[in-house]
Each structure stands twice: as structure tokens, then as C-alpha cells.
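**Q**
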Amino acid sequence: MTDLFLKVKTHQEQQLPFVLYSKPNAKEIVGLFQRNDHLYFVESFEENGFVFAPFDSENYVLLPENHLDVIVEHFESNPTVTTPSVFYEMDEKAKHDFEQMVEKAVADIHSGHFKKVVLSREEIVNLDHFDVTDFFQKLLHNYPQAFKYCFFHPKVGLWMGATPEQLLKVKDFEIHTVALAGTKVNKGKEDVVWKQKEKDEQQLVTDFILENLKDHVSEQIVSSPYTAYAGNLLHIKTDISAKMNDANSLKQVLKILHPTPAVCGYPKLLAKDFILQNEGYDREYYAGFLGELNMNFATGRSENSDLFVNLRCMKIKDKKAHLFVGCGITKDSDPEKEFLETVNKSMTMKKILN
Ligand SMILES: C=C(O[C@H]1C=CC=C(C(=O)O)[C@@H]1O)C(=O)O
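The opening position of the sequence shown corresponds to residue -3 in our numbering, with each subsequent residue numbered one higher.
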């Protein structure tokens, strides 16, 4: 076992906070190990550290740099660790409940309450065995293009995921974000044709980001929408870059971007209200964000932030995996298709539970 994974074992035994992560297409795993079990929070956004933020609160958990031991290890991609597809047994009650919630949202959209809402559900899977380093290695080898992580804090719990969505990358005053929405199963065909419903759903995210960022940035550069790969799925993606007006804008920009209409809806507050009143469970850190704050731990340099939306993730508790999956609902949504989309998204985590 490597030094990094040995350190994970001892930290787990001592119930001390740690995070393991690997960035999209990177060949390094970064391990950050907090030397005490205190729960720190982001206050000024000028701190250096690793942030783990929930969906619906401003208590952004921080592993602060000055309390961390850092281990960076190189890894070689090993395709033999990839796992086969998973068989899904239909849960009729989950399907019925989700479809009813979608129907209600579509009715509210037709009445003009909001334009889009992202609805999600929790799926619980019993685990016969659980080994953090084993699961994390499966994430690494199955999802090279995602941001893969395993986060543990005794006062937060254990979370893992492989997210395809960058929330914000900051280098000096340059920022980069994406508008990601619309989902299809990747069937390996060259030409992917997106329906108008999916194009509209994604365009709404792009428009929201551009409109809301404009007072805080200059020189916005926007790509054309294109098809992006995320494990067994495809999404529509637009890259957005800009220059922040001043260094203090990071907090402001994060407040605008989190949560985007890709995980909440539009208008934001009305959509969030619908989510909180109707989903019937607590998203906790699902659809929150996580990553490096003002620090690049692999190079040891400060000043960069690299943050991702916490999607395709799960919480592990008492030998159970709680998987979180959602999808964007618009006026043209078909409840059954939306439920099947959440089933497809659940496969990202289920694959590594095998
Ligand atoms: C909310 C999720 O995905 C978002 C990101 C990409 C595509 C999405 C969609 O097609 O609905 C969602 O907006 C999730 O994976 O739980």
C-alpha cells in the first residue's frame, strides 16, 4: 500500500478529517490530512484550503492549509480496475413519487411560477463491504475526465463522487466556468443530436451565468455549446471565461454561481423554494461545491481556486451508500423520462459499488 493510502487508514482510525482528490485528466492524487478534528468554516474567502460547501447554507466547511499535512502521489491509469455495467431493479415507489413531483413542477412552470427547477432524489444501497481506498481507486480508473474525491470529516460524514461539472476556476483575475445541462446516455455514436428541450434547458444556464456575472467581470468569452462526455453520459456544455473586476470579487462571483440553474433552477429563489418544499429529503452536500480555495496543493502555490459542483456523488453511512441524483425540469418534461434520467445518473456511483 502507498504512503498516501496508509495515511488514509490511520486518519480513518483516528477519526480525523481528510480529503483525497484527483482533478480531470490529472495523473496525481492529492491527499490533505487535517491534524485536529475541529470543524472550520470559510469566512473571508481569502483563506487557503479545501472547501466543502452544502447546497443550501453558507456554512462552507474548510480544511485550512495551516492545519494540513499534504501528500501528492502520481498514479498510472489501470483499465483493469474498470467495472462492468450494473443491473437496475425498478423501484416502483421511488418512480411513482418522483414522477408525481415532476408533474407538480411542470404544472407550476405552466402557471408561470418559474421556468426551470432541478429535482433530485436519494437512493440507498446496502453495502456488503466498504473500503475507502478501494472505492476511490475505482473512481480514479473509471472516470479520468471527472473531478474524483473522497471527503471525510467526523462532524460531516464521508462523501465520495466523480463530478463532470466545474463551478469555477480562478487564476489571478481570470475566471473560467461552464454551463452544463441536458443529458443522454453515451451509446458511442459519432453524431449526437440534441432535442430543443435539452438545448433550451442548457441555454438557460448559460444566459443566467452571463447576465448575473456581467456587473462583476469584463471581457466575457463564450464558446458555442458542444457535447461533453461524463462517464456513461453525455451533456451539453458551454465554456465561459472572463476577467474579475477586482480580487475581492471571488466571494461575490461564488454567490452568483452557487447554485446555478444546472442544480437549482430559474429564477433561483423560486426554484429553490420548490425544491425545499417538495423533494422531501435534505440534499446536504449534494449540489453544493468543493475544491481548492486560493491554493494549488499539487504545486504548493497559493492564489488559484479550482472548484467543482458536487454531482454524481454519495454519502457513506452505516454500511449504506446514499446516492444523490437529479435532473432539470422544464415545461416540456416527461415525468417518466426524467425518472429514467436519474436512474442513468445513479449508475456513475453504482458502478464502483460492485
Ligand atoms: C443535477 C444533476 O445534473 C445536472 C448537470 C448536468 C445535467 C443535468 C440535467 O440534464 O438535468 C443537471 O442539470 C445531477 O447529476 O444530479
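Heads up, the beta-carbon is just placed ideally off N, CA and C, and yes, glycines get one too. No experiment lies behind these values; they were computed from the predicted model shown.
Apart from the five residues just before and just after C323, which ones in its own chain have a Cβ nearer than 8 Å to its Cβ?
**A** V114, L115, S116, T179, E334, E337, T338 and K341
**Q** Given a cut-off of 9 Å, decide if W190 and T234 are closer than it, judged by their beta-carbon atoms.
**A** No, these two residues do not count as a Cβ contact at 9 Å.
**Q** May I ask you to report which of helix, strand or coil DSSP gives S301?
**A** strand
**Q** Using a threshold of 9 Å, state whether the C-beta atoms of M291 and E61 are closer than that.
**A** Yes, the Cβ-Cβ distance between M291 and E61 is below 9 Å.
**Q** Under the assumption that K316 contacts I120 (Cβ atoms under 8 Å), give the Cβ distance between them as a whole number of angstroms.
**A** 5 Å
**Q** Who does F285 pair with in a DSSP beta bridge?
**A** A49 and V305
**Q** With a threshold of 16 other CB atoms inside 10 Å of the CB of D302, please say whether the residue is buried or exposed.
**A** buried
**Q** Which same chain residues, not among the five before or five after F51, have their C-beta less than 6 Å away from its C-beta?
**A** R279, A283 and G284
**Q** Taking Cβ positions, are F48 and L58 nearer each other than 9 Å?
**A** In this structure, L58 lies closer than 9 Å to F48 by Cβ.
**Q** Compute the Euclidean distance between the alpha carbons of C260 and F204, then round it to the nearest angstrom.
**A** 12 Å
**Q** Do K151 and L16 count as a contact pair if the criterion is CB distance below 9 Å?
**A** no
**Q** Compare the Cα-Cα distances from F14 to each of L200, M156, N274 and Y262 and report the closest residue.
**A** M156
**Q** Thinking C-beta only, is T129 closer than 9 Å to P5?
**A** A small correction: the amino acid at residue 5 is Lys; Pro does not occupy that position in the sequence shown. For K5 and T129, yes; Cβs fall inside 9 Å.
**Q** Please list, in chain order, all residues of the same chain as L272 whose beta carbon is under 8 Å from its beta carbon, the five residues on each side excluded.
**A** D52
**Q** Under 8 Å: do the segment 192 to 204 and the segment 170 to 178 share three or more Cβ pairs, one atom per stretch?
**A** yes
**Q** Opposite T202 in the DSSP bridges: which residues?
**A** Paired residue(s): none; T202 is not in a bridge.
**Q** Can you list, in chain order, the residues of its chain whose CB lies under 6 Å from that of H149, leaving out five sequence neighbours each side?
**A** P13
**Q** Please classify K23: is it buried, with 16 or more other beta-carbons within 10 angstroms of its beta-carbon, or exposed?
**A** exposed
**Q** Can you give me the C-alpha to C-alpha distance between Y84 and K347, rounded to a whole angstrom?
**A** 11 Å
**Q** Report the option in V213, E215, A142 and P221 whose CA atom is closest to the CA atom of D196.
**A** P221
**Q** Is A101 near ligand 1, going by C-beta to nearest heavy atom under 8 Å?
**A** Distance from the C-beta of A101 to the nearest heavy atom of ligand 1 is not below 8 Å.
**Q** Can you tell which of K311, H318 and D328 has the C-alpha that lies nearest to the C-alpha of C146?
**A** K311
**Q** State the DSSP-derived secondary structure class of K110, mapped to helix, strand or coil.
**A** Strictly speaking, residue 110 in this sequence is Phe, with Lys absent from that position. If DSSP states are grouped into helix, strand and coil, F110 belongs with coil.
**Q** Straight-line CA distance for E194 to R31?
**A** 46 Å
**Q** Ignore the nearest five residues each way along the sequence and tell me which others in H318's own chain have a CB closer than 7 Å to its CB.
**A** E118, I120, M310 and K311
**Q** Are the beta-carbon atoms belonging to F37 and Y56 less than 9 Å from one another?
**A** Contact flag set, yes.
**Q** Can you tell me which of the three DSSP states H212 falls into?
**A** H212 falls in the coil class under three-state DSSP.
**Q** Can you give me the Cβ contacts of V102 inside the same chain, cut-off strictly under 6 Å, excluding the 5 residues immediately before and after it?
**A** Excluding sequence positions up to five before and after V102, its CB lies within less than 6 Å of the CB of S329, all in the same chain and listed in chain order.
**Q** May I ask you to report which of helix, strand or coil DSSP gives D130?
**A** helix
**Q** What are the complete alpha helix (DSSP H) segments, minimum 4 residues, inside the segment 221 to 254?
**A** 245 to 253
**Q** Please name the residue in H231, E43 and V26 whose C-alpha comes closest to that of L246.
**A** E43
**Q** From F304 to F169, what does the alpha carbon distance come to, in whole angstroms?
**A** Linking F304 to F169 through their CA atoms gives a straight-line distance of about 18 Å.
**Q** Do T234 and ligand 1 come close, with the Cβ less than 8 Å from some heavy atom?
**A** No, the beta carbon of T234 sits no closer than 8 Å to any heavy atom of ligand 1.
**Q** Check T179 in the structure and name its three-state DSSP category.
**A** strand
**Q** Which of the three DSSP states is assigned to E54 in this structure?
**A** coil
**Q** Any heavy atom of ligand 1 closer than 8 Å to the Cβ of F320?
**A** yes
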